[in-house]
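Protein chains in written order, with this note's numbering: chain U, 166 to 275; chain P, 166 to 275.
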DNA sequence: TGGTTGCTTAGGCATGTGGCTAAGTAAGTG
DNA sequence: CACTTACTTAGCCACATGCCTAAGCAACCA
């Protein structure tokens with residue numbers, strides 16, 4: 166079984182409501198760190214850590230422009246994770262579909 | 166923005182290669198803790214913690230049968246997470262599609 | 001050029017995570 | 001009933017995470 170450090174980081178980044186909310190906010194378009202942070206009652210350094218996790222998971226890209234840092238979505242890695250999930254889900258349901266009627270009759274796995 | 170503790174736990178559970186490998190293994194069908202653990206060079210208590218995370222994230226269900234504990238996939242929560250990702254991805258790409266040509270001309274967000 | 005804005009760095013603290021060993025318990029086996 | 005098997009519990013450890021305050025720095029504004 167291959168290691169997928171990309172998926173590790175990506176799913177870790179997604180496993181937090183603040184970070185998912187940031188992604189949602191960025192779906193509306195590019196935003197500065199300050200604008201993004203405003204809705205969250207959180208000190209800026211704390212918020213910046215979340216952005217760092219998102220950037221390391223390659224879910225967003227950021228760029229300094231003047232004294233502001235602008236953030237935008239980077240959909241590639243997100244798409245990879247989504248596709249991994251779709252593939253796994255299909256494997257599972259394929260098997261469950263095949264065995265469905267059989268297993269309905271009886272619990273026959275030992 | 167609503168809290169989604171379910172997504173938190175589910176994505177957290179997915180953010181580890183051992184746990185993803187367990188899910189993959191279970192796609193072949195139900196397995197006991199011992200059989201699942203064998204491929205990983207890990208003490209059983211450590212491995213059990215991973216199973217606990219998977220169970221708390223409702224990605225698997227387990228059941229004691231005799232002295233063995235059998236594990237199987239529980240696709241519902243996984244499907245929810247997958248669908249969340251599909252919905253978000255669609256929001257993003259919808260916007261990127263709409264703005265694509267416009268943004269190609271010039272960087273006009275401030 | 002002095003002040004304000006917007007981020008950044010440094011460092012501290014509580015809790016969570018992921019690994020371990022050792023010892024316990026319950027179910028099967030002879 | 002003794003022994004083995006398959007977990008399970010308890011407890012320890014190092015490091016990561018998520019939050020904070022305080023202080024720094026670079027860019028803009030008057």
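C-beta: ideal position from N, C-alpha, C; glycine also.
Specify the secondary structure class of residue 235(U) as computed by DSSP and reduced to three states. Here DSSP, grouped into helix, strand and coil, assigns residue 235(U) to strand.
Find the residues of chain U that neighbour residue 260(P), judging by a C-beta separation of less than 8 Å, and give them in chain order. Around residue 260(P), the beta-carbon contacts reaching into chain U at under 8 Å are 192, 193 and 194.
Check whether the segment 183-203 of chain P touches the segment 246-257 of chain P, taking contact to mean three or more Cβ pairs, one atom from each stretch, closer than 8 Å. Two segments are said to touch when three or more pairs of C-beta atoms, one from each, lie closer than 8 Å; by this definition the segment 183-203 of chain P does not touch the segment 246-257 of chain P.
Please state the DSSP three-state secondary structure of residue 245(P). It is helical.
Is the separation between the beta-carbon of residue 224(P) and that of residue 183(P) shorter than 9 Å? Contact flag unset, no.
Bridge partners for residue 197(P) per DSSP, in chain order? Answer by DSSP bridge pairing, in chain order: 235(P).
Interface partners of residue 243(U) on chain P, CB under 8 Å: Residue 243(U) reaches chain P at 250, 253, 254 and 257, counting residues in chain order whose Cβ is nearer than 8 Å.
Taking the alpha carbon of residue 253(U) as the point to measure from, which residue in 227(P), 252(P), 218(P) and 247(P) has its own alpha carbon closest? Ranking 227(P), 252(P), 218(P) and 247(P) by Cα distance to residue 253(U) puts 247(P) first.
Specify, as a first and last residue, the run of the alpha helix (DSSP H) that residue 190(P) falls within. Counting along the chain, the alpha helix (DSSP H) containing residue 190(P) begins and ends at 182-191.
Contact set between residue 216(U) and chain P, taken where Cβ atoms lie within less than 8 Å: Those within 8 Å of residue 216(U) in chain P number zero; the least Cβ separation is about 16 Å.
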